[in-house]
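Line order of the protein sequences matches chains V, L, B, F, P, W, H and D. Those letters in the first sequence? Residues 77 to 324, by the working numbering. Those letters in the second sequence? Residues 77 to 324, by the working numbering. Those letters in the third sequence? Residues 77 to 324, by the working numbering. Those letters in the fourth sequence? Residues 77 to 324, by the working numbering. Those letters in the fifth sequence? Residues 77 to 324, by the working numbering. Those letters in the sixth sequence? Residues 77 to 324, by the working numbering. Those letters in the seventh sequence? Residues 77 to 324, by the working numbering. Those letters in the eighth sequence? Residues 77 to 324, by the working numbering.
Number of protein chains: 8
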Amino acid sequence: MADVKSILHEVKAGRLSIEQAEELLMGASRLDYATLDLDRAGRTGFPEVVYGAGKSVDQLIGIIDRLQAHQELVLVTRVSEKQAKQVQEQRPNIQYIAEAGLLIFSKKPLMPKREGYIAVVAAGTSDWQVAQEAAWTVRCFGSETRVIADVGVAGIHRLFHRLEEIRGAAVIICIAGMEGALTSVVAGLVDKPVIAVPTSVGYGANFGGVAALLAMLNSCANGVAVVNIDNGFGAGYMAGMIHRQMVR
Amino acid sequence: MADVKSILHEVKAGRLSIEQAEELLMGASRLDYATLDLDRAGRTGFPEVVYGAGKSVDQLIGIIDRLQAHQELVLVTRVSEKQAKQVQEQRPNIQYIAEAGLLIFSKKPLMPKREGYIAVVAAGTSDWQVAQEAAWTVRCFGSETRVIADVGVAGIHRLFHRLEEIRGAAVIICIAGMEGALTSVVAGLVDKPVIAVPTSVGYGANFGGVAALLAMLNSCANGVAVVNIDNGFGAGYMAGMIHRQMVR
Amino acid sequence: MADVKSILHEVKAGRLSIEQAEELLMGASRLDYATLDLDRAGRTGFPEVVYGAGKSVDQLIGIIDRLQAHQELVLVTRVSEKQAKQVQEQRPNIQYIAEAGLLIFSKKPLMPKREGYIAVVAAGTSDWQVAQEAAWTVRCFGSETRVIADVGVAGIHRLFHRLEEIRGAAVIICIAGMEGALTSVVAGLVDKPVIAVPTSVGYGANFGGVAALLAMLNSCANGVAVVNIDNGFGAGYMAGMIHRQMVR
Amino acid sequence: MADVKSILHEVKAGRLSIEQAEELLMGASRLDYATLDLDRAGRTGFPEVVYGAGKSVDQLIGIIDRLQAHQELVLVTRVSEKQAKQVQEQRPNIQYIAEAGLLIFSKKPLMPKREGYIAVVAAGTSDWQVAQEAAWTVRCFGSETRVIADVGVAGIHRLFHRLEEIRGAAVIICIAGMEGALTSVVAGLVDKPVIAVPTSVGYGANFGGVAALLAMLNSCANGVAVVNIDNGFGAGYMAGMIHRQMVR
Amino acid sequence: MADVKSILHEVKAGRLSIEQAEELLMGASRLDYATLDLDRAGRTGFPEVVYGAGKSVDQLIGIIDRLQAHQELVLVTRVSEKQAKQVQEQRPNIQYIAEAGLLIFSKKPLMPKREGYIAVVAAGTSDWQVAQEAAWTVRCFGSETRVIADVGVAGIHRLFHRLEEIRGAAVIICIAGMEGALTSVVAGLVDKPVIAVPTSVGYGANFGGVAALLAMLNSCANGVAVVNIDNGFGAGYMAGMIHRQMVR
Amino acid sequence: MADVKSILHEVKAGRLSIEQAEELLMGASRLDYATLDLDRAGRTGFPEVVYGAGKSVDQLIGIIDRLQAHQELVLVTRVSEKQAKQVQEQRPNIQYIAEAGLLIFSKKPLMPKREGYIAVVAAGTSDWQVAQEAAWTVRCFGSETRVIADVGVAGIHRLFHRLEEIRGAAVIICIAGMEGALTSVVAGLVDKPVIAVPTSVGYGANFGGVAALLAMLNSCANGVAVVNIDNGFGAGYMAGMIHRQMVR
Amino acid sequence: MADVKSILHEVKAGRLSIEQAEELLMGASRLDYATLDLDRAGRTGFPEVVYGAGKSVDQLIGIIDRLQAHQELVLVTRVSEKQAKQVQEQRPNIQYIAEAGLLIFSKKPLMPKREGYIAVVAAGTSDWQVAQEAAWTVRCFGSETRVIADVGVAGIHRLFHRLEEIRGAAVIICIAGMEGALTSVVAGLVDKPVIAVPTSVGYGANFGGVAALLAMLNSCANGVAVVNIDNGFGAGYMAGMIHRQMVR
Amino acid sequence: MADVKSILHEVKAGRLSIEQAEELLMGASRLDYATLDLDRAGRTGFPEVVYGAGKSVDQLIGIIDRLQAHQELVLVTRVSEKQAKQVQEQRPNIQYIAEAGLLIFSKKPLMPKREGYIAVVAAGTSDWQVAQEAAWTVRCFGSETRVIADVGVAGIHRLFHRLEEIRGAAVIICIAGMEGALTSVVAGLVDKPVIAVPTSVGYGANFGGVAALLAMLNSCANGVAVVNIDNGFGAGYMAGMIHRQMVR
């Protein structure tokens, strides 16, 4: 879809049949239960990622097989330990990152491709899984990541002790549940973009992460943008994309 | 109502007629449009306070006159400048605190009656009116107050610069709109009770103060309790009552 | 963080290396999965409390061991019977208060350290666990507590029968689900601060405690501040802190 | 619609043409802007009531004229002073009850038709208009009413002082804003049905009456049913209907 | 509490000690886990009802035993089949109405004590349990009831076929989930009070009964008052109380 | 966009330059403040409609002028009387339908182009403007419409009296505020699709039309689909499109 | 109910007894637990459909048996695999469509009765079950359907590749979870009515489908109407009804 | 605050007095009504920005004067035309950007300082003001911006026509009201980070921008992060910060 003009040129020049042109515009490959978007890396710079929750093991394997044939990297999110175990029995070359709930297959080792790092700052130990999902997504983008956990504002000196490390990052992912105050404090102390992830950690009037979500959207500090509740993957993706732009 | 037993004793002893006993239990005085609670100071240690919003000038004056006859102090909250001007024309001995929206009549000057002070910590300049409502309510309780304004977490050093003054207070009132993060930061740094007031300052997904309210209810720091949105009076009342208990 | 100035003096005087100064400002101790806030008692007058829900037994024991080395008191909230049993098998010196869901380790017996008591007033039998969480937290603060249960307003004479005991308290914790009316009635009859705890008891348009929460935030009686739904610990903490201020 | 069977008999007997039968089933009369329900009194025991808010003066007069031709009583609710003045200029025989926002036309004087009375119990002076709307609706039903105002639970003795009068009523309407606690207290003390009306009195987390509405729906006392926020008319209607059933 | 005056007379006359007077005002009996309100029938005309959900079998039996000693009737609501079976093993004289989730003990058979009946009109078969809870509560009040089920507005002729039976009732309970339209249709066709019960039947934007609740609160037909979602007991109680007033 | 293939053929054949092809794919015309979608009629069968609320008179005239040059019909919705008057002063050939808030310019008279009609059924007189917006939109589609107003379920015979007319329609638009029950009743009686429009008519727990919206989404009768609150235009558009499909 | 007039004629002519007339108006058949609406096909063109969720196997079989005696088609929705298996053991002539959760009994094979088809367009693989429920409902209406799955806007070329097939449909059902954007994109590209189905696919601030529901109600493209969350049946019904009108 | 360590070194070396150190840590300057954060540019790379809404002209001028003395750039957001006019009368060197509601003072002309540009993509003409607020904020960061307006998905070819320009940007700001679908479509077509801004454009179930906010948080396309409703400034700030990181 991206280079409509060049495809038009090719068609005009007769180097491309109309059917081929259509196929190129499509770039997708159909399974019974899915229409894969094999052109996504070309368009967005990152291949299609699979949302694992609710998919059967057969569906997961079918999708993974097809993607492996076309992509350097296959990433499946929200995979339970049970799903992972069954997938790995049949496809042992897939790695499962249990603390992040991710299945990862990569043709090359995941190595940092550029200078600098992305800081993943989390308020509490309960935010650990979301932080890991973010960190591993960043690694898939080819960036280094440093996880700075349990530095919530109830003991704000813990944050200040790690401040230089945070300030040194190229992008900061800030993860917090409860009242989500960490985001505003961090954003007020750094000169880097902050991607905020509200988590559903808490109870009562927390409403499954809504309290933290609203706090982050209303941050009095500037330079903050927010992703969905518990969406560590989304934050890692956004941060990875920004970092890739910075240091191509 | 409180000392039912002693009233029963008085009735049994014949020192109190049944009608007198009923009257005592009541202690209220009826107007056409209101049933005043003249016994409230006896019961709760603070006289009945009038909510001014939506009352006509005639109603305000009628209630004020009656309360002045029985109480040392008359406090009317949420009074507009227009209401105040009209009341003062007819009752010039009433003071109007415009920045707090309060009408105050006090037989004695409002002087601190006890050691220590209550800190009113506000995040932004827009929280000023709520802060003043809280501060003047505290003064009506006979406590000293210090207002520490515009120390929101976007520039957290402003807070640290005033921290000793905040830590020195007997009780802390913490006022913030937007994401309300100030409360958690303050509560994590002090060993005094924090009364949190969410304000309706903000826009969009702030929802008229709900974002700050939820943040404060979900504070990761302990020692925080919350009053209604924009309820500076309620916070001042609570803080004044606590301080009064500490230093009788 | 609190005494920045004195630390600066020490640094200037050469009695403290810069590294030591930093360490002091930090005061925290890192585990793999947590950054403990060992300085919290110094800062807030009460040591760090652990939120037990969702933590593994290994994590709980790791944290407890570290805290026991530095603190007089270790308190873990929201602990299930199953978690508790497994922890106690390995650490038999920890006490489990089943009806409050608390694990408590204290080097000295929990004895009242000051005059007076805190009343924990609960509307119904279903509020029992929240009331116990509040009561035991108060005890950890070194205050005496009296639980006055099942005095909801449907039979308001039950409340009046216990009124003297309630009025005699230094601070009142008021716990109610459903419509939460008990708080307003109690606050109108006493001259002490009331910490209100909405509970999730009820069904339908109760919305998991929201009905009671809103009622308490909108109380027509003054002298009320509110903590999160079902947050007995938070109320006990707030009340204990106020009482400690009153009678040091 | 009610006596379909008897109309069928009349049709069969030839005493009623099919067109007449249809017309009878209809019983309504069309205006350009309204389809009046002239049969409503026959069906429900009370004639159609007009909702005045948002109607033009011409529409109001058109509807009133038509209803006056068919009904003993014409009641228009939510009428502003401005609307009322303009209607009365052209139709001087209509009475305007300003404090209830009602226009009333009645061929006979509104006199109690049955023994007993309906108590309208209101928590605060700000609930006055809703209380008056309820009281005048009750009067239209031919029942006596007694308004007991400003007996909110912040000074609960005020309520006890009027308790005998409340308990003597055949039906009780209970009106409250803020946290709406009055309803539960009253319902726990009486053996009569309580119709609860939440009002939008309050601010912040009151959410325009939602706090009181939820409180009343979740009342821990039995014998309570609720109408819409600020719906004094609806409560008066329900109470009048119940009373009419009791004493025909 | 009701006859404070007569108790005062008794005290003055020396016929009642102060302790006895207090005890009378109380009328409650304490268990470890509950404060029973044994005077409730005297005050409200119906004895205390026990909310069964979440209570242990031991608690249920303890409360039932105590109530049986003082009351003619013991009613426990929201009792699961499992709870019921265990209670009945130990207290075989208690009846369990499975389709209503009620435990009932009555010294005398439940027989209608007055003329007329209460109609329980339900929209769908899924509303059956709520309808039965309402019907059996009505029976406990000594009134006859008729259940008219599955007459929702999708096939409105089903309703018209039963209309005479509905119109003949003294009070109408109207139960509906989904959009709750049945209430408005019924109320527009009858001259009796309608107690509306929204149920949580439905899915998606039904939000657990909120759709029906809002519909009933906003009914365009008059003579409707609403109880909590799924609260068949509350509706039966209200209807029974109204009927009792009508035909004493 | 639709016929990408034919455009590709034209490009290949050299009959269309790449620039022309791009332009054709665009089909839009830029103003400073708007990108008009002049191809919309080709794509969707109805030209672009302008949302008038909040636009300046200059913007409206600029857009209208441009659209008049390319379209047979120009429709502007949500136009206030003030806006309309100012537009008409400068462009007198535009018609303003005040009761619908619409500006209409049509090169040919609006005449029914096909058999049958669309019924616009409205519950109350307050729904009139929404009904008119729907009706005039239908007319712009070239279909006849019949407005059947004020047939709400509080007097359901009014509906039955018009039932044949409703059943005779090709499509039914059903408009209701308050509890929105009319939709379910109508849909249960007809064999035609029902487009439901919730209106913001009502107060209190109506929440600006949310009560009716939820009712319609949860209709127990089948054959109902819903548009946004007060969106008469959207309903008329949907109904017109369906009717056009039926009778081309 | 529809032809009241013709029934009246029959009654008048003596060809129909009053009892028969009533019975005809009713057309329903009572079971213990349900009042079947056997006349529904006559009234709405489609027989009564049974909502299977929460019904016992005995109830399902009882209802199916009765409906089979009177209807050509019996459709039961929201049937679990477990319910289906038990029903089929006793009634083997019922077909179970597992991927749609439907039980279907049809006297004649389900064959398209009219020209054209209905497109069921779904955004993701997780919307599959809702899409199948819609598709099979369409088939029960006698229309052909084509399911176009996994064409969400994240890879919008997938949609364009299928656009001609979508544009060729008589009616379009558009199913999407998450942000529901597919509906607006589709509706902007076609000249056919779009029935939108929000699904509960997603997490966090998706709120069980509310995000997609609001998106669809607020679609910037015209020609969209919405059914309840996950209501594939409702969408299929609406589309089937529209198609039936188009090509009778 | 940032370089605590270097300040400690300076203090130790005696080159900085303790008071100076404190002052440096503070860096703020107090007004009566505000505590300015003059160090913010040092900390975050951008000076403090003033929120103009609700501030008096005197306050605005006071703050501007002070900031002008310390900052190269002064930016005031949400300034009404009336406020602007009064400020400019007294401070004519301040520029007012009416369509963005911004007051800007810059010592140097606002010139792009780095390669590349930021695309501001807006769905409708009604989103214009938010788009301008974003664009001018970007310019204050020293980046070039291109506004691409009115390319909503109802006519998606308008978007494709501008796609190359959008894809060429370094960062994309995507602004949409109503259902907010534009964001997902854009993000699926580009390889750059997308900052999404929901606007309050719409009505009914739009809920002041909540529909678009939820859509953006739930975007099925990756690489999206969201700011508060109508927060064009916040999006411009975030985008400017990212761009500055990319090309220093």
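Heads up, the beta-carbon is just placed ideally off N, CA and C, and yes, glycines get one too.
One or two residues paired with Q171(B) in a DSSP bridge: The residue given as residue 171(B) occupies position 95 in the third sequence. In DSSP, Q171(B) forms a bridge with I180(B).
Proximity test, Cβ basis, 8 Å: A78(B) and chain F: Here residue 78(B) is taken as the residue at index 2 of the third sequence, counted from 1. Unreliable positioning characterises A78(B) in this predicted model, as indicated by a pLDDT of 36, which lies under 50. A coordinate reading is not provided.
Would you identify the three-state DSSP class for V303(B), choosing helix, strand or coil? Along the third sequence, read from residue 1 onward, the residue named residue 303(B) stands at position 227. Coil at V303(B), not helix or strand.
Minimum C-alpha distance to S156(L) - residue among G128(L), A89(L), S93(L): Taking the second sequence and counting its residues from 1, the one referred to as residue 156(L) is at position 80. The shortest C-alpha separation from S156(L) is found at G128(L).
is_contact[G264(V), chain L] using C-beta, thresh 8 Å: Indexing the first sequence from 1 puts residue 264(V) at position 188. Chain L, which has a Cβ nearer than 8 Å to the Cβ of G264(V), makes this yes.
Using 8 Å for Cβ pairs, my map puts T213(H) next to G312(H). What's the rounded Cβ distance? Here residue 213(H) refers to the residue found at position 137 when the seventh sequence is read from its first residue. Here residue 312(H) refers to the residue found at position 236 when the seventh sequence is read from its first residue. With 8 Å as the limit, T213(H) and G312(H) qualify as a contact, their Cβ atoms being about 3 Å apart.
Where the alpha helix (DSSP H) through V247(V) begins and ends: As a first step, residue 247(V) must be located in the first sequence, where it is residue number 171. Note, V247(V): premise wrong, no alpha helix (DSSP H); beta strand (DSSP E) at 247-252.
I need the straight-line Cα distance from D113(F) to G231(W), nearest angstrom please. As a first step, residue 113(F) must be located in the fourth sequence, where it is residue number 37. As a first step, residue 231(W) must be located in the sixth sequence, where it is residue number 155. Roughly 6 Å separates the two Cα atoms.
Is it the case that the Cβ atoms of E333(B) and W204(B) are separated by a distance below 8 Å? A query on residue 333(B) cannot be resolved here, the shown segment of chain B reaching from 77 to 324 and no further.
Start and end residues, beta strand (DSSP E) containing L149(L): Counted from its first residue, the second sequence places residue 149(L) at position 73. First-last of the beta strand (DSSP E) with L149(L): 149-153.
If the cut is a Cβ gap below 7 Å, which residues of chain B does I170(L) touch? Here residue 170(L) refers to the residue found at position 94 of the second sequence. Chain B residues near I170(L): none, gap ~21 Å exceeds 7 Å.
Please determine if the stretch 220-240 of chain F and the stretch 188-200 of chain F are in contact, where contact requires at least 3 C-beta pairs separated by less than 8 Å. yes
V227(B), DSSP secondary structure in three states: Position 151 of the third sequence holds residue 227(B). Three-state result, V227(B): coil.
How would you label R91(W), buried or exposed, when you count the other beta carbons within 10 angstroms and need 16 or more for buried? Translated into the one-based positions of the sixth sequence, residue 91(W) becomes position 15. By the neighbour-count rule (16 or more Cβ atoms within 10 Å), R91(W) is not buried but exposed.
Inter-residue Cα distance where the pair is V206(W) and T275(W): Here residue 206(W) corresponds to residue number 130 of the sixth sequence, with the count starting at 1. Here residue 275(W) corresponds to residue number 199 of the sixth sequence, with the count starting at 1. One C-alpha to the other measures close to 8 Å.
Sufficient close CB pairs (3 or more, under 8 Å) joining the stretch 301-315 of chain B to the stretch 232-250 of chain B: yes
If you run the structure through DSSP and keep just helix, strand and coil, what is V323(F)? Translated into positions along the fourth sequence, residue 323(F) becomes position 247. In this structure, V323(F) counts as coil in the three-state DSSP scheme.
Under 8 Å, Cβ to Cβ, is there at least one residue of chain P near H85(L)? What you label residue 85(L) is simply residue 9 of the second sequence in a count that begins at 1. Yes, contact with chain P.
Cα-Cα separation between L290(P) and R238(V), rounded to whole angstroms: Here residue 290(P) refers to the residue found at position 214 when the fifth sequence is read from its first residue. Here residue 238(V) refers to the residue found at position 162 when the first sequence is read from its first residue. If you take the alpha carbons of L290(P) and R238(V), they lie about 51 Å apart.
Do you know whose CA, among A272(B), Q321(B), N298(B), A297(B), lies nearest G310(B)'s CA? Taking the third sequence and counting its residues from 1, the one referred to as residue 310(B) is at position 234. The shortest C-alpha separation from G310(B) is found at A272(B).
Of the listed residues S93(D), K88(D), G308(D), nearest to I94(B) (C-alpha basis): Numbered from its first residue, the third sequence carries residue 94(B) at position 18. Checking every option, the nearest Cα to that of I94(B) belongs to K88(D).
Assign V286(B) to one of three DSSP states: helix, strand, or coil. Position 210 of the third sequence holds residue 286(B). Residue state, collapsed to three classes: helix.
Chain V partners of T304(B), CB-CB under 9 Å? On the third sequence, residue 304(B) is found 228 positions in, with the first residue counted as 1. Contrary to the premise, residue 304(B) reads as Asn rather than Thr in this sequence. Per Cβ cutoff of 9 Å: G278, Y279, G280, A281, N282.
R142(F) versus V126(F) - alpha carbon distance: Taking the first residue of the fourth sequence as 1, we reach residue 142(F) at position 66. Taking the first residue of the fourth sequence as 1, we reach residue 126(F) at position 50. Roughly 12 Å between the two C-alpha positions.
When the cut-off is 8 Å and only beta carbons count, does T332(W) lie next to chain D? Given that chain W is displayed from residue 77 to residue 324, the structure contains no residue 332(W) and the question cannot be resolved.
Among L258(V), G256(V), C216(V), A210(V), which residue has its Cα nearest to the Cα of E148(V)? In the first sequence, residue 148(V) corresponds to position 72, counting from 1. Among L258(V), G256(V), C216(V), A210(V), the Cα nearest to that of E148(V) belongs to C216(V).
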